[in-house]
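Accompanying notes for the structure given below.
2 protein chains.
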Amino acid sequence: MSAPSDPDAITSVPVALGERSYDILIGAGLIAGAGATIAARFPGRAVAIVTDETVGGLHGQALEQSLDGAGIRHIRISVPAGEATKRFAMLEQVVDQLLAARMERGDLVVALGGGVVGDLAGFAAAIVRRGMGFVQMPTSLLAQVDSSVGGKTGINSRHGKNLIGAFYQPGLVLADTDVLDTLSTREFRAGYAEVAKYGLIDDPGFFGWLEANWRGIFQGGRDRTQAIATSCRAKAAVVARDETETGDRALLNLGHTFGHALEAATGYDSARLVHGEGVAIGMAQAYRFSAKLGLCPPDDAERMRSHLTAVGLPTELAHIPGDVGDVDRLMTAIQQDKKVTRGALTFILTRGIGRSFIAGDVDPTAVRSFLAEELARR
Amino acid sequence: MSAPSDPDAITSVPVALGERSYDILIGAGLIAGAGATIAARFPGRAVAIVTDETVGGLHGQALEQSLDGAGIRHIRISVPAGEATKRFAMLEQVVDQLLAARMERGDLVVALGGGVVGDLAGFAAAIVRRGMGFVQMPTSLLAQVDSSVGGKTGINSRHGKNLIGAFYQPGLVLADTDVLDTLSTREFRAGYAEVAKYGLIDDPGFFGWLEANWRGIFQGGRDRTQAIATSCRAKAAVVARDETETGDRALLNLGHTFGHALEAATGYDSARLVHGEGVAIGMAQAYRFSAKLGLCPPDDAERMRSHLTAVGLPTELAHIPGDVGDVDRLMTAIQQDKKVTRGALTFILTRGIGRSFIAGDVDPTAVRSFLAEELARR
Ligand SMILES: NC(=O)c1ccc[n+]([C@@H]2O[C@H](COP(=O)([O-])OP(=O)(O)OC[C@H]3O[C@@H](n4cnc5c(N)ncnc54)[C@H](O)[C@@H]3O)[C@@H](O)[C@H]2O)c1
Ligand SMILES: NC(=O)c1ccc[n+]([C@@H]2O[C@H](COP(=O)([O-])OP(=O)(O)OC[C@H]3O[C@@H](n4cnc5c(N)ncnc54)[C@H](O)[C@@H]3O)[C@@H](O)[C@H]2O)c1
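Chains U and Z supply the protein sequences, listed in that same order. Just so we're aligned: 364 in UniProt numbering is position 364 of the first sequence, and the numbers increase by one with no gaps anywhere. Just so we're aligned: 147 in UniProt numbering is position 147 of the second sequence, and the numbers increase by one with no gaps anywhere.
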């Protein structure tokens, strides 16, 4: 492990959002150095660490010691690990604990965990006193390359995922690359699906680099930091162009419309499917659907499937254990997805590796016939 | 009653907030004309009316008929009347009903009611799909001159009032002045406290006009419209300068730090004290406290007390039925109020009628000794 916050090891990616601009710091030792970093950037603030029980058990103490070392007052709010935590009752509990601890508007909510903790804690920070300070310390690969960047926060509803929330930017993101060593291989792979996504959207060169170097990313070290930084840069650029998703930010949803429908169809049961796995299958489906529509060369669909398979990600409905329902059930889930605009179906489709685009008016009949084929492959 | 949306009878007050600018329309017949107005300004949107049972019973049908007449699809979501409705469980219910009705991001939440409905519905609009369209149709005087303007939305916590919420601007405010005829005199008076507030903050001319013309405002017609428009203009100007209350928007809190503490001390029991009554007493206290500190001529404190008394508003702790607790209890409520900045006590104090200012560093000992005197007057 490098020395805490060794400046040479740290890559900084700026997110340009005018008054709400902030930095993503990526590298080794950032948790150990967090106290000093926060004291320097946000002097005099108290900290509420929001974390899940798993991550808190593994890394909570290191963060608390670092805050102690910098003389920062802190509390810890712990939530159960897992997607089910992103619900109203847990939001109310976190909000209540922030207020009970008399956290003020200038104080900081620090989200230490994966996307679940980041989304929930960020939403709580957005609504307590109409907006507290907020720092993301993402600990899963998915959170480091995706959910901690861009300011989407929120919880799920029984009507669908992420239907309740706010756009709320953090003041700082600290992505400690060492912390990923305690992540399970399955979760690491799931996060890798989002890394691959940036290549598949609009960066064929990055996708080629990933095909050559993915083992290094799983192993740690320089390739890992580089893959995370490239992913954050890609996301930051899109977010800077379109903060509230009225335009091309929707490209980031490549694989997500199918993926969300699968998460709904499996009842958000992470034993069967985690978010990144749903995205992996969803991206493979977006490429196959595009090929079926004559938009994308079948070879490109096969090339991306082959890479996802090489890293151990699922790419087929058949890879999901248990029943995923029929065409009607999947269509209902797709239509309730929030990326439906005034009734029309919007999908991210593609003309090849790195050539994705927003298709705003996809024929529901074509989707149904594609889904019937996909189900028949099981 | 005038003809629906008689353009001559309608005053328009713009709220200048860049991309988020909107108009406040004030006058007779605006509910009857709402369908046409909404169809013209927001074509193709569905509407979810959020209202309380009292207001819905009195004015819901008129609004629905108007929407029907304009061919606008609508649903109604009804909540119980009263401050207790501004809580997490009700927020969850409203959000769930919006999603169950498949309201999309571009559709409109229309808040038809007083400040309670506006604050709750606006917060729901802010967080469903990370932000739906939002229209305020304030039906209480307080809501027309204060809560519907400026974009503060939210709910209460057991730790204090309005501690959970969002800044979320409406796209339009329709303040129908006729609708106030069904409001109880007590609630009308409570709203009048906020009208008087604008004079007391920085407009001594308006305060003088109110002393001369308050009977006309209670009666209806031109004076009422004028008083509401002047109040909205005053609030809009402050909000345009300081949308998220980092600076002089805090002036609008004249009377509110004491007032909120009294609402807390009476358990938010509207039989004992409604918000505007708390503000009336709070403003009288702010003037008396300023006089005691040698900042404000005692004659000005007496002059404003005398006007509030003339319209039938309370100005003393003795006017609140039942126990309000001791100095410690009131101080705790004051300190938990969200307008506490990093431990220091911020109050709005005054140098006379229309000469209020933000005092950022008020000595808690002085507040305690003032409160002891106030309690002794009971
Ligand atoms: N806000 C956004 O823009 C955005 C983008 C993508 C995904 N998301 C959301 O993110 C969530 C998925 O994120 P996720 O995959 O991080 O899920 P997660 O937060 O549930 O983390 C996955 C699992 O890994 C564990 N974990 C996390 N870091 C660990 C570590 N360093 N060591 C050991 N265990 C660790 C967690 O306890 C959890 O059990 C979903 O809810 C999704 O909707 C949000
Ligand atoms: N968002 C802001 O900036 C802001 C500013 C000031 C106050 N507020 C909030 O506003 C709330 C107080 O507002 P309020 O005084 O309007 O309370 P309210 O919404 O409870 O309305 C008061 C009562 O009058 C009834 N009512 C409303 N309009 C009526 C009509 N036309 N005819 C008959 N009955 C009618 C309601 O049913 C209710 O019983 C508080 O929660 C306060 O915190 C918010």
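Just so you know, even glycine gets a beta-carbon here, dropped at the ideal spot from N, CA and C. In this text, all values refer to a predicted model and were calculated from it rather than measured experimentally.
C-alpha gap between residue i and residue j, whole angstroms
i, j, result
"U/GLY60", "U/LEU112", "8 Å"
"U/ASP52", "U/ALA81", "5 Å"
"Z/VAL13", "Z/GLU277", "27 Å"
"Z/VAL238", "Z/LEU273", "27 Å"
"U/ALA125", "U/ALA9", "30 Å"
"Z/TYR22", "Z/ARG105", "18 Å"
"Z/ILE353", "Z/ARG87", "36 Å"
"Z/ASP6", "Z/ARG241", "Residue confidence for Z/ASP6 is low, a pLDDT of 48 falling below 50, so the modelled location carries little weight; the figure read from the coordinates is stated next. If you take the alpha carbons of Z/ASP6 and Z/ARG241, they lie about 32 Å apart."
"Z/GLY71", "Z/PHE134", "19 Å"
"U/ALA3", "Z/SER78", "Confidence is the limiting factor: at U/ALA3 the pLDDT is only 38, short of 50, which leaves the residue's position unreliable, though a coordinate-based value still follows. Computed Cα separation, rounded: 58 Å."
"U/MET304", "U/ALA284", "7 Å"
"U/LEU252", "U/SER356", "10 Å"
"Z/ALA100", "U/HIS159", "7 Å"
"residue 404 of chain U", "U/ALA264", "Since the first residue of chain U shown is 1 and the last is 378, residue 404 of chain U is not available in this structure."
"U/ASP363", "U/PHE370", "11 Å"
"U/HIS266", "Z/VAL50", "The sequence as given places Thr at residue 266 of chain U; His does not occur at that position. Cα to Cα, the separation comes out at about 34 Å."
"Z/LEU142", "Z/ALA271", "17 Å"
"U/VAL173", "U/GLY208", "28 Å"
"Z/THR37", "Z/ILE24", "12 Å"
"Z/ALA366", "Z/GLU373", "11 Å"
"U/GLY29", "U/PHE42", "19 Å"
"U/LYS338", "U/VAL117", "Only weak support is given to the placement of U/LYS338: the predicted model assigns it a pLDDT of 49, under 50, and the value that follows is read from those uncertain coordinates. Near 21 Å, if we compare the C-alpha coordinates of U/VAL117 and U/LYS338."
"U/LEU108", "U/MET132", "6 Å"
"residue 384 of chain Z", "Z/ILE358", "The requested residue 384 of chain Z is not part of the displayed model; chain Z covers only 1 to 378."
"U/ARG76", "U/ALA121", "12 Å"
"Z/MET1", "Z/PRO138", "The predicted model places Z/MET1 with a pLDDT of 37, which falls under 50 and marks its position as unreliable; any figure quoted below should be read in that light. Between Z/MET1 and Z/PRO138, the C-alpha separation is close to 18 Å."
Contact set for residue i: own chain, Cβ-Cβ below 7 Å, skip 5 residues either direction
i, result
"Z/SER140", "GLY114, GLY115, LEU183, GLU187, GLY191"
"U/VAL311", "ARG189, TYR192, TRP214"
"Z/CYS296", "TYR287, SER290, THR350, ARG351, GLY352"
"U/GLY27", "ALA9, ILE10, THR11, THR177, THR225"
"U/GLN169", "LEU17, ARG20, TYR22, GLY151"
"U/ASP203", "ALA234, GLY354"
Cβ shell of residue i (< 6 Å), same chain only, five flanking positions each side left out
i, result
"U/ALA261", "LEU330, ALA333, ILE334"
"U/ARG73", "ALA46"
"U/SER157", "LEU163, ILE164"
"Z/GLY360", "THR346"
"U/ASP146", "GLU194"
"Z/GLY69", "GLY35"
"Z/THR54", "ALA81"
"U/GLY216", "ASP223"
Identified DSSP bridge partners for residue i
i, result
"U/ARG76", "U/ILE49"
"U/ILE164", "U/ILE155, Z/VAL128"
"Z/ALA175", "Z/ILE26"
"U/GLY113", "U/PRO138"
"U/PHE347", "U/ALA359"
"U/LEU108", "U/VAL47, U/GLY133"
The alpha helix (DSSP H) enclosing residue i, as first and last residue numbers
i, result
"U/PRO298", "298-311"
"U/ILE24", "Segment 22-27 is the beta strand (DSSP E) holding U/ILE24; no alpha helix (DSSP H) there."
"Z/VAL239", "222-241"
"Z/ILE201", "185-202"
"U/GLY69", "61-69"
"U/VAL327", "327-336"
"U/PHE258", "256-265"
"U/VAL95", "88-100"
Where the beta strand (DSSP E) containing residue i begins and where it ends
i, result
"Z/GLN136", "133-138"
"U/ILE358", "356-362"
"Z/SER12", "11-15"
Contacts around residue i, its chain only, beta-carbon distance under 8 Å, and the 5 residues preceding and following it disregarded
i, result
"U/ALA318", "ARG377, ARG378"
"U/ASN64", "According to the sequence as given, residue 64 of chain U is Glu; it is not Asn. Only ILE49, HIS74, ARG76 meet the Cβ criterion."
What are the residues in the region 156-167 of chain U lying within 7 Å of chain Z by C-beta distance?
SER157, HIS159, LEU163, ILE164, GLY165, ALA166, PHE167
Near-chain Z residues of the region 97-113 of chain U - C-beta to any C-beta below 7 Å
LEU99, ALA100, GLU104, GLY106
For the region 66-100 of chain U, which residues have a beta carbon sitting closer than 9 Å to at least one beta carbon of chain Z?
PHE88, ALA89, LEU91, GLU92, VAL95, ASP96, LEU99, ALA100
At a CB distance below 9 Å, what residues from the region 308-335 of chain U approach chain Z? Give them in sequence order.
GLN335
Give me the subset of the region 128-149 of chain Z whose CB atoms are less than 9 Å from a CB atom of chain U, sorted by chain position.
VAL128, ARG129, ARG130, GLY131
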